[in-house]
Structures are given as C-alpha cells and as structure tokens.
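Written out below as structure tokens is the structure these notes cover.
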Amino acid sequence: MKAVAVNGDSEKVPRNIDRLACFRGEEQKAIAVHLNNNCLYQVDKTNEATEMFPSDLLLSLELPLSAPKLPEDLMIRPLRIDDYNRGYLQLLSQLTSVGDVSEEQFQKRFVSMQNTHPKGYYVVVLEEPRKVYSSGMIVGSATLVIEWKFIHEAGCRGRTEDVVVDKRMRGRQLGKILNFYLVQLARRIGVYKLSLECKDALIPFYEQFGFKLDQGNNFLVQRFK
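Residue numbers (the working numbering): 137 to 361.
Next up, the structure:
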C-alpha cells in the first residue's frame, strides 16, 4: 500500500480572512459559499436538505478535456439520505466490510456527516435512474474528506476515500469520472494537498489524475476491533 498525493493549485487570494463568494452552477444559478484562508468551509443550503452537499456545487465543476464523458444512462450527484434504499451500502460491500447497518443508523450517520462545520464530507455517487430500476440504483461512489489544519496558514487538505464501481458497470471508465470530479472538487474547495492510499498496481491509474508517489513517505496502520 502506497501513499500518493497531488498538490492543490487554487487561485491565490489574500489569506487569513473570511469572505463570501459565489460560483455558477447549472443554468448559471449562483452558489453562495463561505471561504476562510482560501478554503471553502461552508456552502449555503441552496438544495434539498436530503443531499450531503448542494448538487449545484458539483455541477459547477469543469472537468479537463481528457476526462471521459458521463454515460447518458447515468447521473452524478451527491449522496442522499434515502440512498440506503438504492443499494449504496451493498455497493460499498464490494469494496470492504460494511456489516449490519440499519436504515436508521445510516440516516443518523448521514446527518452527522452532512452537518459538519466546517464542511468535512463530500460523498459523490453515480446513479442508474428509474428507467432501469423502480427507485434508481447507486452504481459508483467516491468520497472526498476534508481535514482542517493549523498548519499551512490554517489551511485544509483533502483525502480521496472509498472509490468503488459496481462490478457489472466496470470497464465503462466510471472510476475515472469519479476521480476527475473529486480532484476538481478538491481544487474548488482550496486544499493545499490531496492524497489517497492505494495498492501498488493502482499507482499508474491514479497518476492519470495528477497524483504522484510521495517518495520517502509510507502508509502505516493499526487496526482495532
């Protein structure tokens, strides 16, 4: 397991100040955000409270020309509180152990992650909509976790976690799409560094998105029951 990282290149602005800004989302809708030290720390709730974060923030991102096109039969959006019933945990179980999580537990965890202040969790999913399944089905997901620091002028860093694509959907470049969105989202938020842990064989895959092996640094772990 190796640690890889990509440095942020957010627009240079005066630091050590709070300021209000806005981005343009779908149909040029303004998205009000609060910035501190050039880091996006809170997004005004412009969308339904059922979303992990406002979808307009995600839709305002511009992907590089090298990014694959999102297939027309899928949609990308933030995780929603009712995605328990769209197979979200079953999808995660293709990546790692999930255990027995009730719908009530899922919703409580969702609300606690949604309401972190400053904003700390951005869970992005790919949904196969209702024309295929009666309630839609989650077929891909990736999470951007934001850590708030004293270092780097009270800056913030990001971590890519829990990237998974449904087995029957693999080979459609959906993992690439999720990673391109997360990198652009991290840039928009203003992180000074974005990192992830991956197996050796996956290093070339993540290098496509600007990650580099952080020579001299290693990933260590302790596991507790």
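Note that CB positions come from ideal geometry on N, CA and C, so glycine has one too.
Look at the alpha carbon of residue 272 and the alpha carbon of residue 225, and state the distance between them as a whole number of angstroms. Going from the Cα of residue 272 to the Cα of residue 225 covers about 14 Å.
Does the region 217-234 come into contact with the region 272-281, if we say contact requires no fewer than three beta-carbon pairs (one atom in each stretch) closer than 8 Å? yes
Could you pull out every residue in the same chain whose Cβ sits closer than 8 Å to the Cβ of residue 211, ignoring the five residues on either side in sequence? 262, 263, 265
Whole beta strand (DSSP E) elements within the region 234-271, 3-residue minimum: 257-264
Residue 259 beta carbon less than 8 Å from that of residue 194: no
Along the chain, where does the alpha helix (DSSP H) containing residue 209 start, and where does it finish? Counting along the chain, residue 209 falls outside any alpha helix (DSSP H), and DSSP gives it neither H nor E.
Check whether the region 239-259 and the region 280-288 touch, using three or more Cβ-Cβ pairs below 8 Å as the test. yes
Backbone secondary structure at residue 350 - three-state DSSP: coil
If you follow the beta strand (DSSP E) that residue 278 is in, where does it begin and where does it stop? 273-284
Nearest candidate by alpha-carbon position, reference residue 344, set 309, 252, 286: 309
Beta-bridge partners of residue 301, as assigned by DSSP: Answer is 276.
For residue 312, which residues from the same chain have a beta carbon less than 6 Å from its beta carbon, with the 5 sequence-adjacent residues on both sides left out? 204
Between residue 285 and the rest of its own chain, which residues show a CB-CB distance below 6 Å, the 5 nearest in sequence each way excluded? 291
What residue range does the beta strand (DSSP E) around residue 329 cover? 329-334
When the Cα atoms are used, what is the spatial distance from residue 336 to residue 357? 16 Å
Would the beta-carbon of residue 324 fall within 8 Å of that of residue 197? yes
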